[in-house]
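Residue numbers (our numbering): 16 to 367.
Working notes for the structure below.
This is the structure we're talking about:
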């Protein structure tokens, strides 16, 4: 019988790597949080946004280590057997958490499900507003999915091969989901009007084929929600670049005034600037200021704000008036309508 020997450090820690890793894992419950965090930072599977229990074990961790990491707040359990580093979960916007939650389901099912409705919209990278975290999958036959997973909504439809997209998502794995046109139709049949328009507007930005969408709409004639979907499609506009702009456009459409032009380029002495909405005849600009507008800016936020102020000053000097809208204003549409009407009539009198 061959006896293996190990060199032991004078502090009592084995230095041969296999035993050393085992010793670390066996002592994880007694480790301080920083040591445990370093262990998981070193052994988290490379390139993975989320990881299954099997992937973590393959990386050299065991079940006790994983449970301790959840207890310490180092890992967040997305669902049974699927985890994400807490630093990637805590403090991120709810819509990013929704995406991680969906990624966790994809990892847990190993890409075997076909995703539909709002889950497919997330996978297509569409803008969603006020949508739940519920995961939508398509299963044309009876299954136990709905009984085992309370956060999963099962739909019963038969998809043709051209109605399914199959892509590998870096950090998550293989995913199959409804085509862009079918996804937009499904969402519009199930969602309130404004939600459907937000999704449809962003789909136009992603290359939505209106002729294919119209064919699908005809195929679904007589099915519940199809008339609501048709009304939403008539209101789509690919020039709205964010959910906030889409919702603002819908609110303006309800007012008894001429509709503004979207994404207008205006010349000033400092250059040409593009604005969200403009009534050019009375020189009135409406801008939707979502926070993401500044965080997505290619320069630091402070510089973005300075540039925005200089841009606005140049337009004001050219005779333009401004009304600015934020997300919080959309929560009270009637009050916002009054503001817009007031700004419109003031600009109209000034232009007379």
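The beta carbon of each residue, even a glycine, is placed where N, CA and C say it ideally should be.
| Check | Outcome |
| --- | --- |
| Report the residue from 214, 256, 196 whose alpha carbon sits nearest the alpha carbon of residue 227. | 196 |
| Would residue 109 be called buried (16 or more neighbouring beta carbons within 10 Å of its own) or exposed? | exposed |
| So, residue 117 versus residue 182, is the Cβ gap smaller than 9 Å? | no |
| Scan the segment 243–286 and note each continuous beta strand (DSSP E) run of 3 residues or more that stays entirely inside, going in chain order. | 276–283 |
| Given residue 333, which residues of its chain have a CB within under 6 Å of its CB, disregarding the five upstream and five downstream residues? | 283 |
| So is residue 76 buried or exposed if we call it buried at 16+ other beta carbons inside 10 Å? | buried |
| Which two residues bound the contiguous beta strand (DSSP E) that contains residue 189? | 188–193 |
| Which runs of the beta strand (DSSP E) spanning at least 3 residues fall entirely within the segment 126–181, listed in chain order? | 150–153, 167–170 |
| For residue 100, which of helix, strand or coil comes out of DSSP? | strand |
| What separation, rounded to the nearest whole angstrom, lies between the Cα atoms of residue 169 and residue 153? | 6 Å |
| Based on the DSSP output, what are the partners of residue 294 in its beta bridges? | 299 |
| What's the call for residue 302, buried or exposed, on a 16-neighbour Cβ count within 10 Å? | buried |
| Roughly how many whole angstroms lie between the Cα atoms of residue 190 and residue 119? | 11 Å |
| Residue 99 to residue 257, Cα distance in whole Å? | 28 Å |
| For the beta strand (DSSP E) holding residue 93, just list the boundary residues, first then last. | 90–94 |
| Any contact of the segment 211–224 with the segment 82–101, i.e. 3+ C-beta pairs under 8 Å? | no |
| Could you tell me the distance, in whole angstroms, from the CA atom of residue 346 to the CA atom of residue 328? | 28 Å |
| Can you determine whether any heavy atom of the ligand ADP sits closer than 8 Å to the C-beta of residue 257, and answer yes or no? | Absent from the structure shown: the ligand ADP. Ligands present: none. |
| From residue 210 to residue 203, what does the alpha carbon distance come to, in whole angstroms? | 8 Å |
| Nearest-angstrom Cα distance between residue 340 and residue 261? | 12 Å |
| Does the Cβ-Cβ distance between residue 134 and residue 155 come in under 9 Å? | no |
| Compute the Euclidean distance between the alpha carbons of residue 344 and residue 74, then round it to the nearest angstrom. | 49 Å |
| Thinking C-beta only, is residue 194 closer than 9 Å to residue 178? | yes |
| Going by C-alpha distance, which of 103, 292, 85 is nearest residue 263? | 292 |
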